[in-house]
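Quick note, the sequences are listed as chains S and Z, same order.
Heads up, our numbering is the position in the first sequence plus 12, with the first residue counted as 1.
Heads up, our numbering is the position in the second sequence plus 994, with the first residue counted as 1.
For glycine and all other residues, C-beta sits at the position ideal for the given N, C-alpha and C.
Model, not experiment: these values are computed from the prediction.
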Amino acid sequence: MSSFDDISSMFHTESEKLENLINNTTKPKLSIHEIIETYYQIMNVSSMTTMLKQQLDANKHKTLLDKIAETERIISEKFNSSIHPQIMEKLTKSIQQTTKNLQSGDSVQKSKEDTENEAKLYEELRKKMSTKEFVEQYDKGLSHD
Amino acid sequence: MIEELAKNLVHLKKELAKVYDGNSQIQEVIPVSTSDLFPILQQDLELLHQFATKNPIYYNSFEKTIGNVPCIVYEGDINKYWLNSIQHGSSRAPFSPTWIMSAYVGVLLAKDLGYQQVIDIGSGDGRIAFCAKVLDLKSYSIEIDDMLSDLQNLLTILDFHPYCSDAMTFDYSSLNLTQPIFFIGGLAQMGGIALASGVLEKIDSISDLKKNAGWVFAGTYSQKYAPDPKNEAGWGTLIEKNNLKSIQTLSLPTVWTFHEQDETPYIFAQTI
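What follows is the structure, given as structure tokens:
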């Protein structure tokens, strides 16, 4: 297989993986792992499209360029304009709700087991907060585009 | 003797990390009694135990021999203080304490260096100021967070003068300091630089005080953080910029290095 075939095949695989991840984001509860994986794949495929567009010939590589354009459209119209703002909003609301829940139980005397179970919720909260920071970095990148 | 004590404490921490099988968010140990490895006055050790026992951040304790040292292990949780501190923009670093024993050893060195007053900046639950009082030094504890400040007021077994105040605007001249040493809470990369710079500026404005003042900075060699070009565990640039020199470094266990190989280097510095 030629080098171009390799690249073309790799791009198809990665963009397909991205489409699956994007389609998966429509489900009501998205885990932190799924969010991070989706954003990393967006960044991965976006880097590939930037690099490939500089190297491909409009006449010789029309099929691949069409696929790239289609993938860019999905990222821009489906993910950036719709799904990404929804993820930001869900994360913000989830952080607010978890914070409220954790603070509402402050005055109650807790057992060792209760304290250690609650510590897991704090750990979850820290993960949500750092995921939100990560997603916000992506958002800043969009506003500079 | 102080360096030996620090090394023995680090060894104790490493032994605890090997055998600890609990689930608490934070944990630390205090030897039960004075020994060759920990030649500390028994009455001082008892005060340190009182501080831990009265402190609501600890919810459980048990006796355990670690290495060959009979100790009490204290298990605690600081999550609610963390959550409160991050909700106030004024708080520069989230609360994460040093070990009580590390606070004691650090203050022991400060005393050995000839300092007469300890000012615990961003003091959390006030353990460094408390240890200074245990060691018969004048001590002051400055903490901006109201929840932590309330906590300190529960722990004044000895009066270490807790103040709920912003250390960057605090009136240090009101304390009539002569030979003070300032323990700066927070790593350089976690708000410590801003805090230390603010306090240094305040001390600079008090005639002749800076030349007699000492500084203790909690550093890190963790690769999680960008290194300081002048080293000193993140504090080199600040030390140079403020005409200070590092005179000694003590490596001591802290809550945040319990699961790490490296301890926390405490950089002792004074004016050139």
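In this structure, the straight-line span from the alpha carbon of residue 1064(Z) to that of residue 123(S) is close to 26 Å.
With a threshold of 16 other beta carbon atoms within 10 Å, residue 85(S) falls short and is exposed. In chain order, 1137 and 1158 place their CB closer than 6 Å to the CB of residue 1143(Z), counting only its own chain and leaving out the 5 sequence neighbours on each side. According to the DSSP assignment, residue 1002(Z) belongs to the alpha helix (DSSP H) that extends over 996–1013.
Counting only residues of its own chain and dropping the five nearest sequence neighbours on each side, residue 21(S) has no CB closer than 6 Å to any other CB.
Taking a Cβ-Cβ cut-off of 8 Å, residue 1049(Z) has no neighbours in chain S, whose nearest Cβ is about 14 Å from it. Excluding five sequence positions before and after residue 1047(Z), none of the CB atoms of its chain fall closer than 6 Å to its own CB.
For residue 1017(Z), at least one C-beta of chain S is nearer than 7 Å to its own C-beta. The beta carbon of residue 1073(Z) falls within 7 Å of a beta carbon belonging to chain S, placing the residue at that interface. Against chain S, a Cβ distance below 8 Å from residue 1142(Z) picks out nothing, because the smallest value is about 14 Å. Rounded to whole angstroms, the separation of the alpha carbons of residue 78(S) and residue 35(S) is 21 Å. Residue pairing by DSSP places residue 1052(Z) opposite 1070(Z) in a beta bridge. Assignment of residue 1207(Z) by DSSP, reduced to helix, strand and coil, places it in the coil class. Taking a cut-off of 8 Å for Cβ pairs, the region 1188–1196 of chain Z and the region 1154–1168 of chain Z touch, as three or more such pairs fall below it.
DSSP places residue 97(S) in the helix class (H, G or I) of the three-state scheme. Residue 1194(Z) and residue 1233(Z) have their C-alpha atoms spaced approximately 11 Å apart. Residue-level contact by beta carbon fails for residue 144(S) and chain Z, as no gap is shorter than 7 Å.
Note on residue 1013(Z): under 16 other CB atoms within 10 angstroms of its CB, so exposed under the neighbour-count rule.
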